[in-house]
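Trainee: Structure below; questions to follow.
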Amino acid sequence: MDEQNILKNFGFNFKIERMKKKLSQDKVVELTNFSKTYISNIEGGKHNLSMVNALRLAKIVGKTIEELIEPIN
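Numbering (the numbering used here), first residue to last: 92 to 164.
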């Protein structure tokens, strides 16, 4: 799996899990102090986030980083 696919998978899967938990992007911003643009870019697979930030986001939705980078079905 190449870097671009990892970023796309993480972003898409994070967004799906966020929505399942009924968390808005604004709530994620509140919980993390990340900007809304940063969250939007992550969800769009356009930002290569650090492992620390990936872990923070994964914890918010109750998943592991590994689960969030799984290929999109």
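Positions of the beta carbon are idealized from the N, C-alpha and C atoms, including for glycine.
What's the gap between the Cα of V152 and the Cα of N100?
Mentor: For the purposes of this step, residue 152 is taken as residue 61 along the sequence shown, with counting starting at 1. For the purposes of this step, residue 100 is taken as residue 9 along the sequence shown, with counting starting at 1. So the alpha carbons of these two residues sit roughly 15 Å apart.
Trainee: Where does I160 sit, in a helix, a strand or coil, going by DSSP?
Mentor: As a working note, residue 160 is residue 69 in the sequence shown. Per DSSP, reduced to three states, the secondary structure at I160 is coil, with no helix or strand assignment.
Trainee: Residue range of the alpha helix (DSSP H) that F125 falls in?
Mentor: Locating residue 125 in the sequence shown gives position 34, where the first residue counts as 1. Looking at the DSSP string, F125 is not in any alpha helix (DSSP H), and its letter there is neither H nor E.
Trainee: Could you compute how far the alpha carbon of L98 sits from the alpha carbon of E121?
Mentor: Within the sequence shown, residue 98 is the residue found at index 7, counting from 1. Within the sequence shown, residue 121 is the residue found at index 30, counting from 1. Here the alpha carbons of E121 and L98 stand approximately 23 Å from one another.
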